[in-house]
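Working notes for the structure below.
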């Protein structure tokens, strides 16, 4: 292991990063045994074999294809492969969005077993994704016992699956034949035979001290009365439910005490935690990022701040008791769910180290709280925001914000003078659209005339979350600045046929309210976003100074302008992973490239073309003294090509390439040749014109 430079110092750093829990962890030094690398997230590996000096030697070690290309699904183009693969004792575990789990040899990519959860393909699902599986080892069971080591994950049809990690067979002692039905007791609204199913599990559960905790994904904006967004704790051995916590207070007295209208709180749904959760085993606390109560864009049927929705909530691991909560968006009207995993870290402050939990938001804000008490580690203030002009709506007059340096997305109004596009026609089109829409900066409420949302509902910071380098005290975040628009439609005017007029926008009925809605990207008729790039950036925040250490656009336009090497900055979806070697890996830009960035500066050190977009979070692990980085390359609709690939890289790898590699040097050469060709044509034209004029002078 000395080849990996993981000595005593590396072990200390790893323990500090994992939350100073001191708890027993199943992983060895080279394992990636939890989603995002640790029970408390953070997307960091203490491995240091790959460095800024040798990262240029990365090559494919192996590739694997899941075979999941959406066959039989009513909307195969929406399939999503967002897995963050686990690696334990040389074995890799991952799953597809459709519930097929795999075990692979982590050194070769050879399939060891697979298990198909048989999710129905006759339905469309509101979020057809899964971000991975969880691993648990029963230390009380004898070595070699069936299901002593387990792989657990949720499905699109809301089941918890438990498999024997050794052979992929269901663990019969867990629930009923290896599965638990999560659709019970949450007020499911969709009938079993309905085309659309809207209650699912898309993020892996967290497990500590024998307790498995899981949230849910709920399809937005169908109505005000939706499924309950309960978080539940289960006995990981037998699947028995231990507790449940509902972010919406159903008891009238509790609702009134928390600022809800009791009659509304009795019926409103969602506020669910669909993003990955985190756990501190030593404190016995689970950190839960909740979303908006239903529906997202009109709050007349859920008046008040909607406390515990859009909040970071700490629950007791064993009882589900709410220990503390911090609401980060009051009375959400923008679909500003807390979409990213809370990240546990030791933050160095002027008063000494603080055991903190960091939370990034779709607004592009970065918050930090004391892990035990919820007290802010970074200052927060209530800032006045625009009022609503919609009858029946009561927007919050203020919103909580961190210091200006930690507001990482654009917050200012969008004006017609800023309209952008590659052609004059597109700029005029965008300017006309902007002039019609309301835009007063971040938190401008939705309106009947239409409102510009910037950041939009995709972020800011989405589920890609935060990578934290504990040595350098850097938090590294992918941030999007893609302009969106949303309009409320009075109930008597709402018509699904209007989709013909707005073919690229999404319509939702928001039943039970006075309005329907439509929303979409603010773009020209040719599909260009109406503000200038970058639309996606990587941002590193120094946690000691609470200032941006570096930022850079990420993503080229090569998918639409082949081989163009310019980093315009495309919308990002997926997470980064930092390493002790000073290299941060990221594949979530829209140009289907895996990049290795210098953690200290953000400079690209290496990149590789992927066969499909890497809208996932890379895992970093070691087997037999070799360090690997692996990414699920499945793509995302609207963000480039789609696929079913798992690709692992290592130094001087000997695996077969799966796509032609054209690096920056080649792209620059092609660009230079193209420029020379254009200049040659111009010179030829000028010369021809001069000769023609010379002949005319002679003729006279």
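Residue numbers (the working numbering): 76 to 775. Just so it is clear, CB atoms sit at the ideal spot from N, CA and C, and this is done for glycine as well. Only a predicted model underlies this, so the values are computations on that prediction, with no experimental measurement involved.
### Message
Helix, strand or coil, according to DSSP, for residue 581 in the structure here?
### Response
Taking the chain shown and counting its residues from 1, one reaches residue 581 at position 506. DSSP places residue 581 in strand when its eight states are reduced to three.
### Query
On the three-state DSSP scale, how would you describe residue 468?
Within the chain shown, numbered from 1, the residue matching residue 468 stands at position 393. Residue 468: coil per DSSP, three-state reduction.
### Under the three-state DSSP convention, the category residue 493 falls into
Start at 1 with the first residue of the chain shown, and residue 493 comes out as number 418. In the structure shown, residue 493 sits in a helix (DSSP, three-state: H, G or I).
#### Entry: Residue range of the unbroken alpha helix (DSSP H) whose run includes residue 459
The residue you call residue 459 lines up with position 384 of the chain shown. Per DSSP, residue 459 belongs to no alpha helix (DSSP H); it is in the beta strand (DSSP E), 455-459.
### Query
Excluding five sequence neighbours on each side, which residues of the same chain lie with their C-beta closer than 6 Å to the C-beta of residue 89?
The residue labelled residue 89 in the question sits at position 14 within the chain shown. Note on residue 89: pLDDT 40, under 50, position unreliable in the model; no value is reported.
### Task
State yes or no: is the C-beta of residue 265 within less than 7 Å of the C-beta of residue 272?
Locating residue 265 in the chain shown gives position 190, where the first residue counts as 1. Locating residue 272 in the chain shown gives position 197, where the first residue counts as 1. Closer than 7 Å, so yes.
### Task
Decide if residue 759 is buried, meaning its Cβ has at least 16 other Cβ atoms within 10 Å, or exposed.
Numbered from 1 along the chain shown, position 684 holds the residue referred to as residue 759. With fewer than 16 Cβ atoms within 10 Å of its Cβ, residue 759 is classed as exposed.
### Member of 245, 682 and 278 whose CA lies at the smallest distance from the CA of residue 116
As a working mapping, residue 116 is identified with position 41 in the chain shown. Answer by Cα proximity: 278.
### Best match in 155, 597 and 689 for proximity to residue 705 [C-alpha to C-alpha]
Locating residue 705 in the chain shown gives position 630, counting from the first residue. Checked all of 155, 597 and 689; the closest Cα to residue 705 is 689.
### Query
Is it the case that the Cβ atoms of residue 203 and residue 172 are separated by a distance below 7 Å?
Locating residue 203 in the chain shown gives position 128, counting from the first residue. Locating residue 172 in the chain shown gives position 97, counting from the first residue. In this structure, residue 172 lies closer than 7 Å to residue 203 by Cβ.
### Message
Please return the same chain residues whose Cβ sits closer than 7 Å to the Cβ of residue 712, not counting the five positions on each side in sequence.
### Response
Reading the chain shown from its first residue, position 637 is the one you call residue 712. Closer than 7 Å at the Cβ level, and outside the excluded window around residue 712, lie 152 and 153.
### Query
Would you report the Cα separation of residue 220 and residue 235, rounded to the nearest angstrom?
As a first step, residue 220 must be located in the chain shown, where it is residue number 145. As a first step, residue 235 must be located in the chain shown, where it is residue number 160. Spanning the two alpha carbons is a distance of roughly 21 Å.
### Query
Tell me the DSSP bridge mates of residue 476?
Here residue 476 is taken as the residue at index 401 of the chain shown, counted from 1. The partner list for residue 476 (beta bridge, DSSP) reads 456.
### Query
How big is the Cα-Cα spacing for residue 755 and residue 501?
The residue you call residue 755 lines up with position 680 of the chain shown. The residue you call residue 501 lines up with position 426 of the chain shown. Annotation: residue 755 to residue 501 spans about 30 Å, alpha carbon to alpha carbon.
### Message
On a Cα-Cα basis, can you pick out the residue from 223, 424, 553 and 589 that is closest to residue 242?
### Response
Position 167 of the chain shown, counted from the start, is the residue given in the question as residue 242. The shortest C-alpha separation from residue 242 is found at 223.
### Task
Report the partner residues of residue 190 according to the DSSP bridge assignment.
The residue given as residue 190 occupies position 115 in the chain shown. Note: residue 190 sits in a beta bridge opposite 176.
### Query
Apart from the five residues on each side of it in sequence, which residues of its chain come closer than 8 Å, Cβ to Cβ, to residue 658?
Residue 658 sits at position 583 when you count from the first residue of the chain shown. Correct list, in chain order: 125, 126, 127, 130, 671, 672, 673, 674 and 680.
#### Entry: Beta-carbon proximity list for residue 392, same chain, < 8 Å, skipping 5 on both sides
Within the chain shown, the letter at position 317 stands for residue 392. If we look at residue 392 and ignore the five residues flanking it on each side, its Cβ neighbours are 283, 284, 286, 288, 308, 354, 356, 359, 360 and 361.
### Assumed close pair residue 313, residue 367 - CB separation to whole angstroms, cut-off 8 Å
In the chain shown, counting from the first residue as 1, residue 313 sits at position 238. In the chain shown, counting from the first residue as 1, residue 367 sits at position 292. The C-beta distance from residue 313 to residue 367 rounds to 34 Å, too long to fall under 8 Å, and the pair is not in contact.
### Query
Given residue 345, which residues of its chain have a CB within under 6 Å of its CB, disregarding the five upstream and five downstream residues?
Here residue 345 is taken as the residue at index 270 of the chain shown, counted from 1. Excluding residues within five positions, the ones whose Cβ falls inside 6 Å are 293, 301, 304, 368 and 369.
### Query
What is the DSSP secondary structure of residue 316, counted as helix, strand or coil?
As a first step, residue 316 must be located in the chain shown, where it is residue number 241. Strand, per DSSP.
### Residues that DSSP places opposite residue 293 in a beta bridge
Counting from 1 along the chain shown, the entry for residue 293 is found at position 218. Paired residue(s): 274.
### Task
Tell me, please, which residues DSSP counts as bridged to residue 681.
As a working mapping, residue 681 is identified with position 606 in the chain shown. Answer by DSSP bridge pairing, in chain order: 671.
### Query
Quick one: Cα of residue 607 to Cα of residue 496, how far?
Within the chain shown, residue 607 is the residue found at index 532, counting from 1. Within the chain shown, residue 496 is the residue found at index 421, counting from 1. If you take the alpha carbons of residue 607 and residue 496, they lie about 7 Å apart.
### Rounded separation between residue 530 and residue 601 - CA only
As a working note, residue 530 is residue 455 in the chain shown. As a working note, residue 601 is residue 526 in the chain shown. Those two C-alpha atoms are separated by around 22 Å.
### Query
Under 7 Å between the Cβ atoms of residue 536 and residue 514?
Position 461 of the chain shown, counted from the first residue, corresponds to residue 536. Position 439 of the chain shown, counted from the first residue, corresponds to residue 514. Contact: no.
### Query
For residue 261, which of helix, strand or coil comes out of DSSP?
Here residue 261 refers to the residue found at position 186 when the chain shown is read from its first residue. Correct three-state label for residue 261: coil.
### Whole-number beta carbon distance between residue 555 and residue 646, since they are thought to touch under 8 Å
The count along the chain shown starts at 1 and reaches residue 646 at position 571. The count along the chain shown starts at 1 and reaches residue 555 at position 480. So it is a contact: roughly 5 Å between Cβ atoms.
### Task
Sort 572, 565, 582 and 576 by Cα distance to residue 589 and report the nearest one.
Locating residue 589 in the chain shown gives position 514, counting from the first residue. Closest option to residue 589, judged by alpha-carbon separation, among 572, 565, 582 and 576: 565.
### Message
Taking DSSP's pairing of strands, which residues face residue 724 in a bridge?
### Response
Sequence index remark: in the chain shown, residue 724 carries index 649 (1-based). DSSP, once it has assigned bridges, lists 135 and 704 as partnering residue 724.
### Spatial distance of residue 534 from residue 761 (CA atoms)
Within the chain shown, numbered from 1, the residue matching residue 534 stands at position 459. Within the chain shown, numbered from 1, the residue matching residue 761 stands at position 686. If I take the Cα positions, the gap works out to 49 Å.
### Task
Spell out the partners DSSP gives residue 286 in its beta bridges.
The sequence position of residue 286 within the chain shown is 211, counting from 1. The partner list for residue 286 (beta bridge, DSSP) reads 283 and 310.
### Task
Pull up the DSSP beta-bridge partners for residue 617, would you.
Here residue 617 refers to the residue found at position 542 of the chain shown. Within the DSSP secondary-structure output, residue 617 pairs in a beta bridge with 549 and 622.
### Task
From the DSSP output, in three-state form, read off residue 762 for me.
Within the chain shown, the letter at position 687 stands for residue 762. DSSP places residue 762 in helix when its eight states are reduced to three.
### Task
Taking all protein chains shown into account, decide if residue 227 is buried (16 or more other Cβ within 10 angstroms of its Cβ) or exposed.
Position 152 of the chain shown holds residue 227. Classification for residue 227: buried.
### Message
residue 163 and residue 210 - do their beta-carbons sit closer together than 7 Å?
### Response
Within the chain shown, numbered from 1, the residue matching residue 210 stands at position 135. Within the chain shown, numbered from 1, the residue matching residue 163 stands at position 88. Contact: yes.
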